[in-house]
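Below: one structure, written as structure tokens.
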Amino acid sequence: MEIKNMNNLPRPCQKVAEFSDKQQYGEAGFWEKLRVQIHILHCKHCHSYHIKNEELTLLLQNHELKFLSKSEKEELKARMAL
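Plus 576 on top of the position in the sequence shown (first one is 1) and you've got our numbering.
Encoded structure:
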């Protein structure tokens, strides 16, 4: 389930979404992590959000981006100007 507007969620779900985000970045404390785990056991919407959040975090952590050098950027700009 996609969460489109956080304001439409019940208050406990809003807090769990916030804690879930913190947990993904290693900022959540023990009680926040426990609260997320307990809540997602019975709330399918928050469980889905938490799983998608974990997947996105893993994708971003394991990326292999190649950045263009300055000369490659200039070459690309020149080709686009034609």
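Don't be surprised by glycine CBs; every beta carbon is placed ideally from N, CA and C.
Considering just the uninterrupted stretch of the alpha helix (DSSP H) at residue i, what are its terminal residues?
| i | result |
| --- | --- |
| Glu-650 | 646-657 |
| His-639 | Per DSSP, His-639 belongs to no alpha helix (DSSP H) and is neither H nor E. |
| Pro-588 | 587-600 |
Between the alpha carbons of residue i and residue j, how many angstroms are there, rounded?
| i | j | result |
| --- | --- | --- |
| Leu-636 | Leu-644 | 19 Å |
| Thr-633 | His-621 | 18 Å |
| Leu-617 | Asn-638 | 28 Å |
| Pro-588 | Phe-606 | 17 Å |
| Lys-649 | Glu-640 | 19 Å |
| Cys-619 | Glu-631 | 19 Å |
| Gln-590 | Gly-602 | 19 Å |
| Ser-647 | Ala-654 | 11 Å |
| Leu-610 | Leu-652 | 50 Å |
Going along the chain, which residues of its own chain have a beta-carbon closer than 6 Å to the beta-carbon of residue i, five neighbours each way excluded?
| i | result |
| --- | --- |
| Val-592 | Val-612, His-615, Cys-622 |
| His-626 | Ser-596, Ile-616 |
Would residue i count as contacting chain D if we go by Cβ distances under 9 Å?
| i | result |
| --- | --- |
| Leu-636 | This model lacks chain D altogether; it includes just one protein chain. |
For residue i, which residues in the same chain have their Cβ closer than 8 Å to its Cβ, ignoring the five residues on either side in sequence?
| i | result |
| --- | --- |
| Glu-608 | Phe-595, Lys-598, Gln-599 |
| Asn-629 | Ser-596, Asp-597, Gln-600 |
Going along the chain, which residues of its own chain have a beta-carbon closer than 7 Å to the beta-carbon of residue i, five neighbours each way excluded?
| i | result |
| --- | --- |
| Ala-604 | Phe-595, Lys-598 |
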